[in-house]
Amino acid sequence: AEALIRFGDNPISNKRGIWPAFWLLGDAIRRGVDWPRCGEVDVLETVNGQLTGYGTVHCDQNPGGACNEPNGIGGSTQIPDQGWHSWRVQWDRRPGSWRDETITWFRDGVHFHQVSGARVGSEGVWRTLCGAPVFFILNVAVGGNWPGNPDGSTLGGYGSMMETAYVAVYQS
1 AEALIRFGDN PISNKRGIWP AFWLLGDAIR RGVDWPRCGE VDVLETVNGQ
51 LTGYGTVHCD QNPGGACNEP NGIGGSTQIP DQGWHSWRVQ WDRRPGSWRD
101 ETITWFRDGV HFHQVSGARV GSEGVWRTLC GAPVFFILNV AVGGNWPGNP
151 DGSTLGGYGS MMETAYVAVY QS
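Under UniProt numbering, think of the first position of the sequence shown as 1, with each following residue one higher.
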């Protein structure tokens with residue numbers, strides 16, 4: 001799964017409480033499976049205009065569990081600017097054992113995070129993350145536990161947006 005994304009050009013200091021994200025949520029949530037048991041793969045999240053992109057998996061139980069909820073298993077990368085960048089997550093199920101399978105994150109084709117079945121430690125939980133149906137969500141949340149709430153300096157509108165040129169799924 002890949003998307004080409006850019007952020008609005010409001011100054012970073014004027015994006016308090018802004019939380020853009022490109023993520024995949026386990027389809028099982030539509031059948032009553034609760035979060036995070038349904039599985040979640042965050043391809044990109046950033047908060048408050050900071051030029052740091054986060055990639056994370058959420059799974060199993062909250063609190064704790066195989067993915068250390070509510071934090072998840074995550075990694076990050078610096079974003080050079082608010083311009084266009086590609087964000088991709090790649091599932092590799094070829095190795096033969098679920099423990100050796102991986103989910104890998106990339107920004108502009110450069111690897112920045114990887115989670116393996118062995119790191120998750122449970123085959124059932126791993127199958128939820130790496131084999132169950134998901135659906136895409138691209139959104140900009142305003143406020144929340146992680147970014148905090150907007151304040152008097154926060155500017156809205158186009159300058160605080162997340163624009164997406166494309167979303168693609170490739171299979172080989």
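Don't be surprised by glycine CBs; every beta carbon is placed ideally from N, CA and C. The structure presented is a predicted model; accordingly, all values stated were derived computationally and were not measured.
Give the C-beta separation of residue 117 and residue 101 to the nearest angstrom, bearing in mind that I take them to be a contact with Cβ-Cβ under 8 Å.
5 Å
Which residues in the same chain have their Cβ closer than 6 Å to the Cβ of residue 88, if we skip the five residues on either side of it in sequence?
2, 106
Cutting at 7 Å between CB atoms, please list the residues of its own chain near residue 42, excluding the five before and the five after it.
21, 23, 54, 55, 56
Hey, could you find the ends of the alpha helix (DSSP H) residue 88 is sitting in?
Premise fails: residue 88 lies in the beta strand (DSSP E), 85 to 92, not in any alpha helix (DSSP H).
Let me check one thing: in DSSP terms, what residues is residue 135 bridge-paired to?
25
What three-state label does DSSP hand residue 123 in the structure shown?
helix
Rounded to the nearest angstrom, what separates residue 39 and residue 81 at their Cα positions?
30 Å
Within 8 Å, strictly: CB atoms of residue 5 and residue 111
no
Pick from 26, 167, 168, 146: whose alpha carbon is nearest that of residue 48?
146
Alpha-carbon to alpha-carbon, residue 130 and residue 66:
14 Å
Spell out a yes or no on whether the segment 135 to 142 and the segment 117 to 127 are touching, meaning 3 or more CB-CB pairs, one atom from each, closer than 8 Å.
no
Have a look at residue 104 and residue 28 and give me their C-alpha separation to the nearest angstrom.
22 Å
Per-residue burial, residue 36 [other beta carbons within 10 Å of its own, 16 or more giving buried]
buried
Let me check one thing: in DSSP terms, what residues is residue 42 bridge-paired to?
23, 56
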